[in-house]
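Asks: To start, I am sharing the structure in question, which I have written as structure tokens.
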Amino acid sequence: MIKRIYVADDDPQISDIIRVSLSRVEGLEATFFDNGLELLQAVQESPPDAILSDIILPRLDGLAVTRLVKYDEQYQDIPMLVISSIIDTGIEEQAIKAGADGFLRKPFRPQELRNRVRELVGLPDPDPG
């Protein structure tokens with residue numbers, strides 16, 4: 009069964025890195041957005057199996073998206089991984105308080121991203137050894 013993940017990042021280079029990295033995850037289909045409002049609208053129209061969102065996004069930031077998704081009973085069970093390059097040590101805590109299920113600091117290793125996303129959507133690790 010294909011798992012669907014929505015990804016939001018407004019940096020085209022980061023989106024490309026994520027796209028290439030996630031294309032190597034068998035059983036995963038990723039849909040990309042460059043702002044938080046479009047991401048939230050897509051969640052409401054067709055909820056995904058998981059969400060990967062940057063914190064800094066135009067139109068609606070990633071923390072606001074996280075709160076809106078997680079505080080809505082209809083969507084609160086969608087796992088969310090928040091990513092950010094913000095240096096502030098409190099940003100991870102803010103993301104978790106907003107409802108994120110995990111946090112990944114940029115820059116990240118592609119393998120680390122794949123592992124975290126597999127875990128998020130419940131896909132097996134192809135190389136558990």
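Adding 8 to a residue's 1-based position in the sequence shown gives its number in our numbering.
Cβ coordinates follow ideal geometry from the N, Cα and C atoms, glycine included.
1. List the whole-angstrom C-beta distance separating residue 47 from residue 125, where the pair is believed to meet the contact cut-off of C-beta under 8 Å.
2. Does the region 49-59 come into contact with the region 19-29, if we say contact requires no fewer than three beta-carbon pairs (one atom in each stretch) closer than 8 Å?
3. Leaving out the 5 sequence neighbours to the left and right, which residues in its chain are closer than 8 Å to residue 132 when beta-carbon positions are compared?
4. Do the region 101-108 and the region 71-89 make contact, defined as three or more Cβ pairs closer than 8 Å?
5. Rounded to the nearest angstrom, what separates residue 25 and residue 40 at their Cα positions?
6. Could you name the residues of the same chain whose beta carbon sits closer than 7 Å to that of residue 75, not counting the 5 residues immediately before and after it, in chain order?
7. Buried or exposed for residue 28, please, with buried defined as at least 16 other CB atoms from any protein chain shown within 10 angstroms of its CB.
8. What does the Cβ neighbour count give for residue 79, buried or exposed, with the cut at 16 atoms within 10 Å?
9. What did DSSP end up calling residue 78 once you bin it into helix, strand or coil?
10. Measuring alpha carbon to alpha carbon, tell me which residue in 15, 96, 68 is nearest residue 38.
Replies: By the coordinates alone:
1. Position 39 of the sequence shown, counting from 1, holds the residue named residue 47. Position 117 of the sequence shown, counting from 1, holds the residue named residue 125. Residue 47 to residue 125, Cβ: 16 Å. No contact.
2. The region 49-59 is not in contact with the region 19-29.
3. Within the sequence shown, numbered from 1, the residue matching residue 132 stands at position 124. Within its own chain, the residues whose Cβ lies closer than 8 Å to the Cβ of residue 132, once the five positions on either side in sequence are excluded, are 126, listed in chain order.
4. Segments in contact, yes.
5. Here residue 25 refers to the residue found at position 17 of the sequence shown. Here residue 40 refers to the residue found at position 32 of the sequence shown. Roughly 12 Å separates the two Cα atoms.
6. The residue labelled residue 75 in the question sits at position 67 within the sequence shown. Listed in chain order, the non-local C-beta contacts of residue 75 below 7 Å within the same chain comprise 106, 107, local neighbours out to five positions each way being set aside.
7. The residue you call residue 28 lines up with position 20 of the sequence shown. Result: exposed.
8. Position 71 of the sequence shown, counting from 1, holds the residue named residue 79. Within a 10 Å sphere around the beta-carbon of residue 79 sit fewer than 16 other beta-carbons, which makes this residue exposed.
9. Counting from 1 along the sequence shown, the entry for residue 78 is found at position 70. Per DSSP, reduced to three states, the secondary structure at residue 78 is helical.
10. Locating residue 38 in the sequence shown gives position 30, where the first residue counts as 1. Shortest Cα-Cα distance from residue 38 to any of 15, 96, 68 involves 15.
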